[in-house]
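Numbering (full-length UniProt numbering), first residue to last: 1 to 589.
Structure first, commentary second.
See below:
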């Protein structure tokens, strides 16, 4: 365990907060080899800046994007190699076996989906031409395209769909995401070569939405049956590109599939991809991603460094695009509601209100991230902005809550005590770009100001993951859940989503609340839009009362590229780039 002390004592004023942020940011910039463009703003709870909203338009608290971002605007010029950088390697191309966020765009390069979500949130055809849903909502019959093949020559047909769904839920796959999304799926039937029928245990309204996500893409059934382990490094899909080479932690090269002709109709692209090749390099260092983009070594970065965003925007040769991913926002803290002291909702709420989200968003996003204190992303269907301020930064409220919980006395170091016991907890974390140590230290500092002693227990990711699934922690650092449906609330907070011997669950808060369970279960069974709006609104209200986690800021995906890169379309399920329509408006050697 690593114990980190921040040395900041007392005070809650804006001036001190800004001075402290200056110290942290100065350290970060020294490490990064650059200098900040401006001071961090004082915490105010004001509306987000234009930068924090990214490319979106905010109306009535809800975020939306231009419909032109989601389909091809002009015919492109075939040919050329796109050289792109990204921070991390996913470690495997078996999209069914992981929950890595990069799958959202990476999966679209080599795989296709059964269906596609359009910009209004409706479901449109892809590999399935059409479908019917039984009156009881438990049987889905899919009519499939008959002209699709995988890159190994295997046909895409009803048997392929069956094999893929079985692979997702096979315990050997150890799926943390795809299996959870199809948990209500009971069995599949091949009615004929191109007609597949799925039977569900109960009505499950998000079924088509989750099938549109990249983690549930179609993999060659021959590969799944004959050599499933090979998917990790030699994947075979039906997508617009084929993996040519891959070196772990270094990079991957994809080549165009010349006979590809089945992109989702709504993106308005016909035929093969325009690009001949995509060369992807894994570059964990933010400044190297920036400098290699600036120099032209890379045409595109899928992880634009936030500290360079202002400079990129001001460069006439570059384009910066900032998107908020649908689903659940970034969480700085997830409380184990079964463990002391977070078995008391007043303590959970107090720590949540003591944390300055504006400061956290600035530390990691440099003005590019939108602070957040509720439980659905602002561009997710049925998001209700009514509760966006219910858990806002308020040190006085945090102190009152801790007083109400009986933590009224203080020890010699200024920490709260009750019955001779200090108010203390260990924050279990693995330092990574999504949850850097600077964020943890900021939380520790904010907690201390209300008399809460937080230890930072920094361990390798594998150990943190094992302990998370075992429930062996008081509070976890970091976390987000990207999904194109508000059913992400079920995945994260319904009691059926707690990990068991038979399920890798994502309810890390181990929350068990009958009212919330009922709301989320009823939402799964409903197909009525107004009823869903009401149920998900009530669920969002209930979460602000229960506080199983502390939301901090929206989960942004920020990309940058040279202006000669054209045809960048965003996948509507994930708000990440779709490379089928990308082309290069320049000559290449």
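Ideal Cβ placement from N, Cα and C applies to all residues, glycine included.
Bear in mind the structure is a predicted one, so any value in this text is a computation, not a measurement.
Alpha helix (DSSP H) segment containing residue 287, residue limits: For residue 287, the uninterrupted alpha helix (DSSP H) run begins and ends at 286-295, by DSSP.
Uninterrupted beta strand (DSSP E) stretches inside the stretch 255-337 (no shorter than 3 residues): For the stretch 255-337, whole beta strand (DSSP E) runs of length 3 or above, ordered along the chain, are 277-282, 318-324 and 330-335.
If you count every other CB in all the chains shown that lies within 10 Å of the CB of residue 163, and 16 or more means buried, which is it? By the Cβ-count criterion, residue 163 is buried, with 16 or more other Cβ atoms from all chains shown falling within 10 Å of its own Cβ.
How do the stretch 69-77 and the stretch 276-292 stand: do at least 3 beta-carbon pairs fall below 8 Å, yes or no? Counting Cβ pairs under 8 Å, fewer than three are found: no touch.
In DSSP terms, what residue 125 is bridged to: The partner list for residue 125 (beta bridge, DSSP) reads 115.
Residue ranges of each alpha helix (DSSP H) run of no fewer than 4 residues wholly in the stretch 161-201, ordered along the chain? Counting whole runs of 4 or more residues, the stretch 161-201 contains the alpha helix (DSSP H) stretches 178-181.
Just mark residue 270 as buried or exposed, buried being the case when its beta carbon has 16 or more other beta carbons within 10 Å. Exposed: under 16 other Cβ atoms inside 10 Å.
Out of curiosity, what's the CA-to-CA distance linking residue 503 and residue 497? In this structure, the CA atom of residue 503 is about 8 Å from the CA atom of residue 497.
By the DSSP assignment, the beta strand (DSSP E) with residue 551 in it spans what residues? Counted as a single uninterrupted DSSP element, the beta strand (DSSP E) harbouring residue 551 occupies residues 549-553.
Residue 346, DSSP secondary structure in three states: In the three-state scheme derived from DSSP, where H, G and I count as helix and E and B as strand, residue 346 is classed as helix.
Burial state of residue 595, where buried means 16 or more other Cβ atoms lie within 10 Å: It is not possible to answer for residue 595, since the shown part of the chain is limited to 1 through 589.
In the DSSP assignment, find the beta strand (DSSP E) that holds residue 57 and state where it starts and stops. Here the beta strand (DSSP E) through residue 57 covers 57-59.
Quick check on the DSSP output: the beta strand (DSSP E) that includes residue 442 runs from which residue to which? Not the beta strand (DSSP E): residue 442 falls in the alpha helix (DSSP H), residues 437-449.
Supposed contact pair residue 334 and residue 115 - C-beta distance, whole angstroms, cut 8 Å: Actually they do not touch by this definition, with Cβ atoms about 31 Å apart.
Report the partner residues of residue 155 according to the DSSP bridge assignment. Beta-bridge analysis with DSSP links residue 155 to 149.
Given that a residue counts as buried once 16 or more other Cβ atoms are within 10 Å of its Cβ, and exposed if not, what is residue 60? By the neighbour-count definition (other C-beta atoms within 10 Å, threshold 16), residue 60 is an exposed residue.
Can you look up residue 606 in the DSSP assignment and give me helix, strand or coil? With the chain covering 1 to 589 only, the question about residue 606 has no answer from this structure.
Given a threshold of 16 other Cβ atoms within 10 Å of its Cβ, counted over all protein chains shown, does residue 555 qualify as buried or as exposed? It counts as buried.
CA-CA distance, residue 92 and residue 422? The alpha-carbon of residue 92 is positioned some 44 Å away from that of residue 422.
Are residue 214 and residue 236 touching if we call contact CB-CB under 8 Å? Judged by beta-carbon spacing, residue 236 lies beyond the 8 Å limit of residue 214, meaning their Cβ atoms are not closer than that value.
Have a look at residue 182 and residue 210 and give me their C-alpha separation to the nearest angstrom. Whole-angstrom Cα-Cα distance: 8 Å.
Grab the span of the beta strand (DSSP E) containing residue 89 for me, first residue to last. If you look at residue 89, you'll find it isn't in any beta strand (DSSP E); DSSP assigns it neither H nor E.
Might you give, ordered along the chain, the residues of its own chain that have their beta carbon closer than 6 Å to the beta carbon of residue 113, omitting 5 neighbours on each side? Closer than 6 Å at Cβ, skipping near neighbours: 126, 212 and 217.
In whole angstroms, what is the alpha-carbon distance linking residue 167 and residue 175? Each residue's Cα considered, the two are about 9 Å apart.
N-terminal and C-terminal residue of the beta strand (DSSP E) that residue 594 is part of: Here the chain covers residues 1 to 589 and nothing more, so residue 594 does not appear.
With DSSP as the reference, please indicate the residues paired to residue 410 in a beta bridge. By DSSP's assignment, residue 410 forms a beta bridge with 416.
Counting along the chain, where does the alpha helix (DSSP H) carrying residue 534 start and finish? Taken as a continuous stretch (DSSP letters only), the alpha helix (DSSP H) holding residue 534 covers 529-546.
Return the bridge partner residues of residue 233 from the DSSP annotation. According to DSSP, residue 233 bridges with nothing at all.
Whole-angstrom distance between residue 427 and residue 552, CA atom to CA atom: Going from the Cα of residue 552 to the Cα of residue 427 covers about 16 Å.
From the DSSP output, in three-state form, read off residue 499 for me. Residue 499: coil per DSSP, three-state reduction.
In its own chain, which residues sit with a C-beta less than 8 Å from the C-beta of residue 415, not counting the 5 before and 5 after it? Hits under 8 Å: 422, 423, 424, 448, 451, 452 and 453.
Nearest to residue 259 by CA position, among 250, 242, 246 and 268, is which residue? Nearest C-alpha to residue 259: 242.
Alpha carbon to alpha carbon, how far is residue 568 from residue 82? C-alpha separation (whole angstroms): 12 Å.
Determine the contact status of residue 342 and residue 543, defining contact as a CB-CB distance below 8 Å. Residue 543 sits away from residue 342, with the two beta carbons spaced by 8 Å or more.
Within the same chain, show all residues whose beta-carbon is closer than 6 Å to that of residue 348, passing over the 5 residues directly before and after it, in chain order. Around residue 348: 335, 342 and 547.
Grouping DSSP H, G and I as helix and E and B as strand, with all else coil, what is residue 377? DSSP places residue 377 outside both helix and strand once states are collapsed to three, so it counts as coil.
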